[in-house]
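Colleague: Chains as they are written, first to last, in my numbering: chain A, 1 to 315; chain B, 1001 to 1236.
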């Protein structure tokens, strides 16, 4: 293996892993507050990709309700990414209001919320198919005048990386950093952690827990939407079911890292991302096998995941 | 003088079980009022109704002339009521300082919040030493102090204290009750739930004795402490 190949494994691993990490954090945020896996997250991820695609002003496919249509305007990529993320966040907020809150208010079993989130996922996927059709979408070239790949080494010892991969890794790292700062150092972030640890006590401190649950869903949808766009940039939107396979990967990331742990989701994402990119190109079909084998091995040794707490304690 | 808190005919059910039956309690401004009684008498349930963690089936809770029943728990805090729950419920994964800051979550006067933070560190010097430690690493007594200090960060007019002596060494309990008296002398009205009836009645101005969801005796603390029936049932 030469230097460039090794470098590319790292860049691609960081790009894949970073996206896994921010996607998985969407699960983690909701899980740490409500103690449930939000299965609609993978559908929101898919929506994020379609929203950004639309906001770029690109033309829709040929067999949905919106066939051959396009928005009357096109945004630059950073704005479209942001807009897609905000719209995805608002959809996640709607998911909370429709699928979670009514059950929460009745003190329903968390398992019921899991089922209702699965129902929402199916509904969203079908709405996407109805509107945008079942065909794959390819993002337009968003790099503008930038070259498709850059050499970060010297002409003698080249370290070449695809610009898109660098962009994906960069955006993921920025999102991870912002989220970490937000959760650890702002008042609202601390309040979120208080609600995650003990919602009743948080409410006795004057924290409006319902509002923070909505905020959690918004954040979860926002970063899920960004992850959707980034994966769409890398491999294209494969269709309305785009998020389902990715959703499974996201679940293995949070279980590998430790359920409910934010650093765990990040570490899990990067481990699986780099692990997958170690698979040689000629055996690319085994990528997923590597991810799930990693999960299997870690769970044998550490059932609570890499950074998970031994036990979830609620006094 | 108008009462700060009036609880009228409060009835609470847990499923089919009635936890409170027409409980009526008043708290005047500046008082320490205690609710005593054995386990399951409805003391904690009464406090949880006031801070809106549970919905009563009947009755009303009037605070400062206005019913609390339509408010959420976080709005009750904004009205000036702070609840130190049973078992302290400190946020174990946050630092001592973050626990205190969250106690002031409903406030927006940042400079005054900083001043109050320093004030808590003066009142509870041990918390100043532990300010950057995770709250979960504190001892039981330190956690109780943190829970009280955190409640004070919202600048309450009425402090609800649920079993502040629970599981603590006698010397720590003495400290905590001294602090409760000091706070009261500084103008905070206190509604105190306690299993340790002796200590509670020595500290409070008035008391209510609850038994299976009903008030069976009420009166000045000094009278209750000498009442033969109360003595026999609760003071050993």
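Beta carbons are placed, not taken as given, at the ideal position from N, Cα and C, and that holds for glycine.
Measure from the alpha carbon of residue 129/A to the alpha carbon of each residue in 225/A, 14/A, 2/A, 43/A, then state which is nearest.
Modeller: In the first chain, residue 129/A corresponds to position 129, counting from 1. Closest option to residue 129/A, Cα to Cα, is 43/A.
Colleague: Going by other Cβ atoms of all chains shown within 10 Å of its Cβ, with 16 needed for buried, is residue 1106/B buried or exposed?
Modeller: For the purposes of this step, residue 1106/B is identified with residue 106 of the second chain, where counting begins at 1. Per the 10 Å Cβ criterion, buried.
Colleague: Step through the CB atoms of chain B and report whether any lies within less than 7 Å of the CB of residue 197/A.
Modeller: Position 197 of the first chain holds residue 197/A. Interface residue, yes.
Colleague: Between the beta-carbon of residue 191/A and the beta-carbon of residue 207/A, is there less than 7 Å?
Modeller: Sequence index remark: in the first chain, residue 191/A carries index 191 (1-based). Sequence index remark: in the first chain, residue 207/A carries index 207 (1-based). Closer than 7 Å, so yes.
Colleague: If I follow the unbroken alpha helix (DSSP H) through residue 161/A, where does it start and stop?
Modeller: Walking along the first chain from the start, residue 161/A turns up at place 161. First-last for residue 161/A: 160-162, but that is the beta strand (DSSP E), not the alpha helix (DSSP H).
Colleague: Could you pull out every unbroken beta strand (DSSP E) segment of at least 3 residues lying fully inside the stretch 97-165 of chain A, listed in chain order?
Modeller: Qualifying beta strand (DSSP E) stretches, in chain order: 149-151, 160-162.
Colleague: Spatial neighbours of residue 100/A within its chain, please: CB distance less than 6 Å, with the 5 preceding and 5 following residues excluded, ordered by chain position.
Modeller: Along the first chain, read from residue 1 onward, the residue named residue 100/A stands at position 100. So the qualifying residues of the chain are 113.
Colleague: Closer than 7 Å by beta-carbon distance: list the chain A residues that pair up with residue 1083/B, in chain order.
Modeller: The residue given as residue 1083/B occupies position 83 in the second chain. What residue 1083/B touches in chain A: 204.
Colleague: Taking only the alpha-carbon atoms, compute the straight-line gap between residue 1078/B and residue 1154/B and give it to the nearest angstrom.
Modeller: Against the second chain, residue 1078/B aligns to sequence position 78. Against the second chain, residue 1154/B aligns to sequence position 154. Roughly 8 Å separates the two Cα atoms.
Colleague: Leaving out the 5 sequence neighbours to the left and right, which residues in its chain are closer than 6 Å to residue 1225/B when beta-carbon positions are compared?
Modeller: Translated into positions along the second chain, residue 1225/B becomes position 225. Cβ neighbours of residue 1225/B beyond the five flanking positions: 1201.
Colleague: By the DSSP assignment, the beta strand (DSSP E) with residue 1032/B in it spans what residues?
Modeller: In the second chain, residue 1032/B corresponds to position 32, counting from 1. Per DSSP, residue 1032/B belongs to the beta strand (DSSP E) from 1032-1036.
Colleague: I need the straight-line Cα distance from residue 248/A to residue 74/A, nearest angstrom please.
Modeller: Counted from its first residue, the first chain places residue 248/A at position 248. Counted from its first residue, the first chain places residue 74/A at position 74. Taking the straight line joining both Cα atoms gives about 33 Å.
Colleague: Can you tell me whether residue 1173/B is helix, strand or coil according to DSSP?
Modeller: Residue mapping note: residue 1173/B aligns to position 173 of the second chain, counting from 1. Of the three classes helix, strand and coil, the one that applies to residue 1173/B here is helix, per DSSP.
Colleague: Quick one: Cα of residue 1062/B to Cα of residue 32/A, how far?
Modeller: The count along the second chain starts at 1 and reaches residue 1062/B at position 62. The count along the first chain starts at 1 and reaches residue 32/A at position 32. Taking the straight line from one Cα to the other gives about 36 Å.
Colleague: Indicate the three-state DSSP secondary structure (helix, strand or coil) for residue 1028/B in the structure shown.
Modeller: The residue you call residue 1028/B lines up with position 28 of the second chain. Residue 1028/B: coil per DSSP, three-state reduction.
Colleague: Using the Cβ count rule (16 or more neighbours within 10 Å means buried), how would you classify residue 308/A?
Modeller: Numbered from its first residue, the first chain carries residue 308/A at position 308. The residue in question, residue 308/A, is buried, as its Cβ has 16 or more Cβ neighbours within 10 Å.
Colleague: If we cut at 7 Å on Cβ distances, does residue 1105/B have a partner in chain A?
Modeller: On the second chain, position 105 is the one that residue 1105/B refers to. Closer than 7 Å to some Cβ of chain A, the Cβ of residue 1105/B qualifies, so yes.
Colleague: Only counting the same chain, and skipping five residues up and downstream in sequence, which positions put a Cβ closer than 6 Å to that of residue 2/A?
Modeller: Counting from 1 along the first chain, the entry for residue 2/A is found at position 2. There are no such residues.
Colleague: Indicate whether residue 223/A and residue 25/A have their beta-carbon atoms separated by less than 7 Å.
Modeller: Locating residue 223/A in the first chain gives position 223, where the first residue counts as 1. Locating residue 25/A in the first chain gives position 25, where the first residue counts as 1. Yes, these two residues count as a Cβ contact at 7 Å.
Colleague: So with CB distances below 8 Å, who are the chain B contacts of residue 190/A?
Modeller: Here residue 190/A refers to the residue found at position 190 of the first chain. Simply 1094, 1098, 1101, 1102.
Colleague: Which of helix, strand or coil does DSSP assign to residue 1142/B?
Modeller: Counting from 1 along the second chain, the entry for residue 1142/B is found at position 142. Residue state, collapsed to three classes: helix.
Colleague: Of the choices 1012/B, 1004/B, 1143/B, whose alpha-carbon is the least far from that of residue 1065/B?
Modeller: On the second chain, residue 1065/B is found 65 positions in, with the first residue counted as 1. The residue with the shortest Cα to Cα distance from residue 1065/B is 1004/B.
Colleague: Does the contact criterion of 3 or more C-beta pairs under 8 Å hold for the stretch 1096-1104 of chain B versus the stretch 1045-1063 of chain B?
Modeller: With the cut-off at 8 Å, the stretch 1096-1104 of chain B and the stretch 1045-1063 of chain B do not touch.
Colleague: Below 8 Å between beta carbons is the criterion; list the residues of the stretch 1119-1135 of chain B that meet it against any residue of chain A, in chain order.
Modeller: Within the stretch 1119-1135 of chain B, no residue qualifies.
Colleague: I need the boundaries of the beta strand (DSSP E) containing residue 1189/B, first residue and last residue.
Modeller: Position 189 of the second chain holds residue 1189/B. Segment 1189-1194, the beta strand (DSSP E) holding residue 1189/B.
Colleague: Measure the beta-carbon distance from residue 204/A to residue 1056/B and round it to whole angstroms, keeping in mind my assumption that it falls under 8 Å.
Modeller: Translated into positions along the first chain, residue 204/A becomes position 204. Translated into positions along the second chain, residue 1056/B becomes position 56. Actually they are not in contact, since the Cβ atoms of residue 204/A and residue 1056/B sit about 18 Å apart, beyond 8 Å.
Colleague: Excluding the 5 residues preceding and the 5 following residue 275/A in the sequence, name in chain order all residues of the same chain whose CB lies nearer than 7 Å to its CB.
Modeller: Translated into the one-based positions of the first chain, residue 275/A becomes position 275. Excluding residues within five positions, the ones whose Cβ falls inside 7 Å are 290, 291, 294.
Colleague: Could you pull the start and end residues of the beta strand (DSSP E) that residue 1096/B belongs to?
Modeller: Taking the first residue of the second chain as 1, we reach residue 1096/B at position 96. Note, residue 1096/B: premise wrong, no beta strand (DSSP E); alpha helix (DSSP H) at 1096-1103.
Colleague: Under a three-way DSSP split, which group does residue 1109/B fall into?
Modeller: As a first step, residue 1109/B is located in the second chain; it is residue number 109 there, counting from the start. Residue 1109/B: coil per DSSP, three-state reduction.
Colleague: Closest by CA to residue 994/B, which one among 1164/B, 1222/B, 1218/B, 1016/B?
Modeller: Because chain B in this structure spans residues 1001 to 1236, residue 994/B falls outside the shown range and cannot be described.
Colleague: Could you pull the DSSP bridge partners for residue 1008/B from this structure?
Modeller: The residue you call residue 1008/B lines up with position 8 of the second chain. Answer is 1060/B, bridged to residue 1008/B.
Colleague: Using the three-state DSSP reduction, which class does residue 39/A fall into: helix, strand or coil?
Modeller: Along the first chain, read from residue 1 onward, the residue named residue 39/A stands at position 39. In the structure shown, residue 39/A sits in coil (DSSP, three-state: anything other than H, G, I, E or B).
Colleague: Contact criterion: CB-CB distance below 7 Å. Does residue 314/A meet it with respect to chain B?
Modeller: As a working note, residue 314/A is residue 314 in the first chain. Here the model assigns residue 314/A a pLDDT of 45, short of 50, so the residue's position is not dependable, and the following value carries that caveat. Not closer than 7 Å to any Cβ of chain B, the Cβ of residue 314/A fails to qualify, so no.
Colleague: Does residue 201/A get closer than 7 Å to chain B when you measure Cβ to Cβ?
Modeller: Counting from 1 along the first chain, the entry for residue 201/A is found at position 201. So, interface residue.
Colleague: Using a C-beta to C-beta distance shorter than 7 Å, which residues of chain A count as neighbours of residue 1074/B?
Modeller: The residue labelled residue 1074/B in the question sits at position 74 within the second chain. Result: 203, 206, 207, 208.
Colleague: Taking residue 63/A as the query, report the chain B residues whose CB atoms sit under 9 Å from its CB, ordered along the chain.
Modeller: Walking along the first chain from the start, residue 63/A turns up at place 63. Near residue 63/A there are no residues of chain B at all, since even the closest Cβ is about 48 Å away, more than 9 Å.
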